[in-house]
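Written out below as structure tokens is the structure these notes cover.
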Amino acid sequence: MVKDVTVNTTEFFRDPSVWQAMKYRLLPKLHSQKNINIWHAGCSIGMEVYSMEIMLCEAGLLDKSTMYATDINADVLETAKKGIYGHRNAQEYINNYNKGLCVNPYNFEERINTPIQKYMDFNEREDTIKVKQFLLGKTTFKKHNLVSDPNPFRGVKYDIILCRNVLIYFNQTLQNKLFGEFWEMLVDGGTLVLGIHESILGPWANKYEKKGLLYTKKTQ
Ligand SMILES: C[S@@+](CC[C@H](N)C(=O)[O-])C[C@H]1O[C@@H](n2cnc3c(N)ncnc32)[C@H](O)[C@@H]1O
């Protein structure tokens, strides 16, 4: 039934402006930290997870990051672990990567010239996009139900929680419950990243500082 009711749509570097915001507004704050914990809640087939790994790699932060990813659907997690996808939307992913990671919206003269092929093998004939081996196995994937299960990685506090395009399917009461749980699981000053059509309303709104698409945990 889970497979029938869950929507698994995802993309590499989905909504490039979110990736720009994370790259320029969030990552610089993390450079001085020893470790960075990141949780993708509702990760689907893992494209968001590998996008994050690529961004961290470009920023020189991948080696000190510990990445966790969960979903209610066991099948999507199997695909996520393998990192092999169809080729059909390749051009869209390349465009997202260029916009989200290579262009600096604050300085158009500066850009990253790393080709996406450093991170993935594209094979149109075989109809595959394969995430490169060095990015596989870095993220711990686990089945988890956001509605009923506690922190999937007991005791871990996260610097970043991405829960994008998941809460949109939940009612307000459930969203409020999760905004509270995410707040508890974030480190002080940690950041919750939502989808572009999602926002924190209700009782938890004043517990986060909203900066564009990023919600930073406030402690007072
Ligand atoms: C639309 S996808 C979003 C994927 C990715 N975060 C993105 O934005 O591209 C939503 C994902 O949330 C998962 N999901 C739905 N309900 C869930 C729940 N109660 N607990 C955990 N994951 C859930 C679905 O299985 C699906 O893979």
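In our numbering, the protein residues as written are 15 to 234.
Ideal Cβ placement from N, Cα and C applies to all residues, glycine included.
- For M81, the pairing in a beta bridge is given by DSSP as I52 and T153.
- Shown here, V90 sits in a helix according to DSSP, grouped into three states.
- Excluding its 5 nearest sequence neighbours in each direction, L181 has C-beta neighbours in its own chain below 6 Å: Q189 and E212, listed in chain order.
- DSSP places M66 in the uninterrupted alpha helix (DSSP H) bounded by M61 to A73.
- The beta carbon of N110 sits no closer than 8 Å to any heavy atom of ligand 1.
- For ligand 1, no non-hydrogen atom lies closer than 8 Å to the CB of S213.
- Apart from the 5 residues on each side of it in sequence, I174 sits with its Cβ closer than 6 Å to the Cβ of I52 and T205 in its chain, given in chain order.
- Here L40 carries a helix assignment [DSSP, helix/strand/coil].
- Secondary structure remark: continuous alpha helix (DSSP H) runs of at least 4 residues inside the stretch 88-138, in chain order: 88-96 and 104-111.
- The alpha-carbon separation between N118 and P42 amounts to approximately 14 Å.
- Contact annotation: Y222 and T154 have beta-carbon atoms that are not nearer than 9 Å.
- Here K157 is near I86, since their CB atoms are less than 9 Å apart.
- Cβ neighbours of N185 within its own chain (closer than 7 Å, five residues either side excluded): none.
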